[in-house]
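Numbering (the numbering used here), first residue to last: 1460 to 2467.
Yeah, the Cβ is synthetic: ideal placement off N, Cα and C, and Gly gets one too.
Being a predicted model, the structure only gives us computed values, none of them experimental.
Structure representation (structure tokens):
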């Protein structure tokens, strides 16, 4: 038929019609062996046409066709291409080209969907479904065999040692990696050869996996292209499925676990198979990079052959850094087995033996324990500054020991702790930053130089100085052989001298002295104590071993490091039960206000704050871009201390003289224009605005308020009555008689758009004034935020506020600036939001930022307003201006000044805003970036400026998945607000930008 071995789309269409009487449009597809074409027909019955290279082995093609027919006949749950027969009822057609070469042709049904390589993101659920589908396929092929399945095949992992012949193609550092895996595979062959075998797909790469079209929570529909199917060890198929799907992940082992779990769900894997999975994954990657190196010379223009080379090397290098034992134990846990094969043996042995703490510490005054709580939720450890003050920490331990003189202070197994503040405890995983927080041993708190003795016979396998901040210092690890298994015990934080006196291989008898407890700094910078840990394996460690684990790996580490209390059997050391998040949610729904909402689709329980971070009950950190309430950082030490110190002295009302209320007044007045020099102190922003409303009414003698559309000013009755965001929202009943709304002055999607809109919006305010006057009334007040927060972080048009103030004052009204969210330095350029507009309000309301989370707020006004309000009716607020609140608020204002946080808000805010604008050029879904300082908003819209609420919600929740908290606002719920504590740094901003950029590329964010 033709001399060339390249076929055009027209020739493919002709062959299709000639052999199958089907008319369709052909589209070329990549392929290593066949020439592949997608066929689209008018009836929408699509196909894939596969044209072989000349003189292909027909038996090999028959193998593939019979395999597909076997699946169709025997497994309804599997979606797979169906064989279409030709005119002669044959599954394989043949044609002859001009050179008398026999060309074989096959036609299969097309599986609609997306290729794995086109799906972003590839999350755990998707990877689980991949494993599940591949497991189903393996199960279906258990009863299938064919002579060609037993062929010699370079892509068969069992035959992978051919790659050793090509090591010379690689750089030396690459050769080291490849050779290590090849040698390990070679050493394991005797056991590996005994593993279960069967026909498997053998090529679930990212272009052979079809995924459903859902953009959120898609599932794997099918595996295609059975050309690499082979009879081999079944674990090889699991390995191949993992090898490709774990590419492009920071933590490839974590990515593999959901695949293994899914595979095991539909085709149960055996314990002996899991031993080999780590190296089988590696050997598939070794084959891939070796093939790529060879093919660079043979077919340099064939992109299909080279497509996996770079990501394969990336994952291979990461894989080489992972402990093969830890991977094995992780796979076991994923499949529902105990992490370590001997864990049950250890548990049974420990159950039969009883040990006393006096065996470990002969100097102990008792064998009873007092449990000490150092968890992230613990109030005992206090503030980060306190638990890092080792003298103070030791003082508290001594006090606790005095209180419990006849007990040993101990605890900590699997405790999530916030005290590991060294960056050595952090890594970047597949979903953002992760910190090692889960404590794997028990800590025994004794004084320095306390001798530590052996509980049982053992051999020294580590005796060293594990130097460094928050390391072990003097460290000894012993190996113990009991009955028919072995385990290890670790003794950390000793004096270096006592630890290093041992030699590797030394035998320590039960009761022998092991070491003496060290003091800081030589013990790793800790208050003196022994870290005692049991391990079922040393993994690959020789001079160290993790004493703290990542929360995501808890199930594995729990199996590798059994509870030391199994030896002591103390009720006091047993972990206490705490409510689960589901239990907390259930109770809230039953007993708390029905209108209370929770953030995020999967709510988070927060138990601690530190600077720009919040921490959940597992001590996992979340970068907080939401809580402007924590103005100078969560639990700022000086602010906390100011409150604690004053609370210990006195807290009462403002009818008594006290220095604190005057001190706070002076701090605030220094930041305000001279006209605003009278202050009233209250407890919340809502109270502040409520009081401002009363002041305005008394001063003006009127009731009518002019407010912005979508404005929000508080949760009291009077505040809701002037908050369009509430009365025009769900459950609202529209504007009350005396509230007059003008359109939100939004130059992006508001009534008037673009530049020079100030006059138009000011006319809308004048229209409200005219409407009030037409009812024979006059204006009481005009209230607005300098940047409208709940309306979507809307900046006011330049010149609008001065024009509006002038109109309102001309009508006899009062001008109120609601600074509850924007004040106290957050704007960067100015201390107060109104100062951005060169105006001076008559009343300023101050709320959330002032107390850094403590309920304190204020109203500042002119002498005229204050004099009018002092009409004989006393304004008294029991807790407004109390000494504790004033001490806290004063410290917040001093902190803003001394730490130059207004300047920080300016510099970081301008950097972040500029970078967000760059991001909007790349991702047009970001329609607008606006705000000032660290009070920014990004609005998500389509090309026609329609709001994209679903995408905004998706983005917020996905950022939470990556450890970054964001909130949504705006009337159309399509604005992401960025209003973090103003200690937010450029590094924090870069992290925020990095993950925004990552998630904006995901399918749901690019399809709208």
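DSSP state of residue i mapped onto helix, strand, coil
i            : result
residue 1589 : helix
residue 1601 : helix
residue 1779 : helix
residue 1770 : helix
residue 1618 : helix
residue 2239 : strand
residue 1655 : coil
residue 1625 : helix
residue 1951 : strand
residue 1690 : strand
residue 1885 : strand
residue 1460 : Summary for residue 1460: the model assigns pLDDT 41, below 50, so the residue's position carries little reliability; its value from the coordinates is reported in the next sentence. In this structure, residue 1460 counts as coil in the three-state DSSP scheme.
residue 2436 : strand
residue 1680 : strand
residue 1574 : strand
residue 2428 : strand
residue 2463 : helix
residue 2317 : strand
Closest Cα partner of residue i within the set the options
i            : options                : result
residue 1834 : 1650, 1991, 2067, 1794 : 2067
residue 2036 : 2069, 2165, 2076, 2060 : 2076
residue 1832 : 1811, 1859, 1823       : 1859
residue 1964 : 1998, 1916, 1649, 2360 : 1916
residue 2172 : 2281, 2226, 2074       : 2281
residue 1510 : 1481, 1475, 1533, 1792 : 1475
residue 1741 : 2000, 2393, 1703, 2464 : 1703
residue 1969 : 1819, 1908, 1743       : 1819
residue 1987 : 1932, 2360, 2345       : 1932
residue 2308 : 2326, 2318, 2285, 2327 : 2285
residue 2449 : 2402, 2377, 1776       : 2377
residue 1810 : 1776, 2026, 1884       : 2026
residue 2015 : 2210, 1733, 1790, 2356 : 1790
residue 1628 : 1493, 1745, 2083       : 1745
residue 1570 : 1483, 1679, 2463       : 1679
residue 2259 : 1468, 2223, 2054       : 2223
Cβ neighbours of residue i in the same chain (closer than 7 Å, five flanking residues each side left out)
i            : result
residue 1625 : 1749, 1752, 1753
residue 1998 : 1782, 1784, 1785
residue 1698 : 1616, 1736, 1739, 1740, 1743
Sequence-distant residues of the same chain with beta carbon closer than 8 Å to residue i, five excluded per side
i            : result
residue 1460 : Any reading at residue 1460 must be qualified, since the residue scores a pLDDT of 41, below 50, and its modelled position is unreliable; the value itself is stated next. 1554, 1555, 1556, 1557, 1562.
residue 1873 : 1897, 1898, 1899, 2013, 2017, 2022, 2034
Integer Cβ distance of residue i from residue j, believed to fall under 8 Å
i            : j            : result
residue 1779 : residue 1636 : 5 Å
residue 2207 : residue 2386 : 7 Å
residue 2135 : residue 2320 : 7 Å
residue 1955 : residue 1977 : 7 Å
residue 2147 : residue 2305 : 6 Å
residue 2437 : residue 2407 : Not confirmed; about 17 Å, so no contact.
residue 1551 : residue 1606 : Actually they are not in contact, since the Cβ atoms of residue 1551 and residue 1606 sit about 16 Å apart, beyond 8 Å.
residue 1654 : residue 1731 : 7 Å
residue 1973 : residue 1935 : 5 Å
residue 2141 : residue 2316 : 5 Å
residue 2294 : residue 2390 : The pair is not a contact, with the Cβ atoms about 15 Å apart (cut-off 8 Å).
residue 2164 : residue 2199 : 7 Å
Closer than 7 Å to chain C by CB, residue i
i            : result
residue 1997 : Among the protein chains of the structure shown there is no chain C, as only one such chain exists.
6 Å CB neighbourhood of residue i in its chain, flanking five on each side removed
i            : result
residue 2106 : 2343
residue 2461 : 1579, 1580
residue 1715 : 1701, 1705
residue 1481 : 1475
Report task. Let me know the beta strand (DSSP E) ranges lying completely inside the region 1472 to 1551, each 3 residues or longer, listed in chain order. Result -> 1484 to 1488, 1494 to 1499, 1506 to 1510
Query raised in the report: In chain order, which alpha helix (DSSP H) runs of at least 4 residues are fully inside the region 1693 to 1733?
Result: 1693 to 1704, 1711 to 1725, 1730 to 1733
Query - Completely contained alpha helix (DSSP H) runs for the region 2040 to 2122, where each covers 4 or more residues - result: 2040 to 2050, 2096 to 2106
Query raised in the report: Which ranges does the alpha helix (DSSP H) cover as unbroken runs of at least 4 residues, wholly within the region 2353 to 2408, from first to last along the chain?
Result: Here the runs fully enclosed are 2360 to 2381.
Query raised in the report: Where in the region 1968 to 2022 do unbroken runs of the beta strand (DSSP E), each at least 3 residues long, occur, reported from the N-terminal end onward?
Result: 1972 to 1975, 1989 to 1994, 2007 to 2009
Query - beta strand (DSSP E) runs contained entirely in the region 1815 to 1876, provided each spans 3 or more residues - result: 1828 to 1830, 1867 to 1870
Requested in this report: Write down every uninterrupted run of the beta strand (DSSP E) in the region 2223 to 2287 whose length is 3 residues or greater and which is fully enclosed by it, in chain order.
Outcome: 2238 to 2243, 2273 to 2277
Query raised in the report: Which full runs of the beta strand (DSSP E) of 3+ residues lie inside the region 1898 to 1941, going along the chain?
Result: 1901 to 1903, 1910 to 1912, 1917 to 1925, 1932 to 1941
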